[in-house]
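Colleague:
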Amino acid sequence: MVASFDSESVVLVDDFPQSSIGAPFPAVIATEDRLALVFILEDRDLECDGKTVRVVDVASTDEQCVVVHFEHPTMHIFGPPNDEAFSGHRLASKGLRPYGVFEVINSEWIRQLEIMNSVHPQHDPERFYEGKRHFIFSFHDSVFECVARGYRYECMPGSVKHLLTVCAQHIDP
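Structure representation (structure tokens):
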């Protein structure tokens, strides 16, 4: 069934681990049929005396990260807005906020993809929508959005840089 796009809404995926609020360093690796997102998780167990600053980067090896593998990705974007300009995102008024993982229900973006594909001689709107879901990961300095059938994730220690290398090794030649 073709979805109704008059009621586009944003739903928080509340069982997803929290990305680092300050420095998640999200990174993407993608091919036409593979897509992975890697970022640093929030470390709530650190003792903070308010006098020490902990500096991390993509090569910091003692971080807890998450690797998200998207199933049958169709399209993705990665960039603005940051948390200070977040109200400029077209879905901010519908519940999208910084520092979270969300799914867009009745996504206008998926509708636009269907319109783009409608010129195909064998286009079938009913089949086009099957399994397509719109996910948004909002970070401190960026937003990642993708259309995919779903995702799976795993939390693991390491650096973003190293985990991207591991993901790249699993991409079929």
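Position one of the sequence shown corresponds to residue 110 (the working numbering), numbered consecutively onward. All C-beta atoms, glycine included, are put in the ideal place defined by N, C-alpha and C.
(1) Closest to Glu223 by C-alpha separation, out of Tyr238, Val213 and Pro230, would be which residue?
(2) Quick one: measure Cβ to Cβ for Ile186 and Glu254, integer angstroms, because I've assumed they're closer than 8 Å.
(3) Beta-carbon within less than 7 Å of Ala112's beta-carbon, same chain only, minus the 5 sequence neighbours each way: which residues are those?
(4) Ser147: which of Ile130, Val167, Thr140 and Gly131 sits nearest, CA to CA?
(5) According to DSSP, what are the bridge partners of Leu262?
(6) In the structure shown, what three-state DSSP assignment does Met110 receive?
(7) Counting Cβ pairs, one atom from each stretch, are 3 or more of them under 8 Å apart for the region 189–204 and the region 262–274?
Modeller: The short version:
(1) Tyr238
(2) 5 Å
(3) Note that Ala112 scores a pLDDT of 48, beneath 50, so its modelled location is shaky and nothing firm can be said.
(4) The displayed chain sequence assigns Val, not Ser, to residue 147. Of Ile130, Val167, Thr140 and Gly131, the residue nearest in Cα terms is Val167.
(5) The sequence given here has Tyr at residue 262, not Leu. DSSP, once it has assigned bridges, lists Val177 as partnering Tyr262.
(6) Confidence at Met110 is low in this model, with a pLDDT of 43, below 50, so the placement of that residue should be treated as unreliable; the coordinate-derived value is given next. Coil.
(7) no
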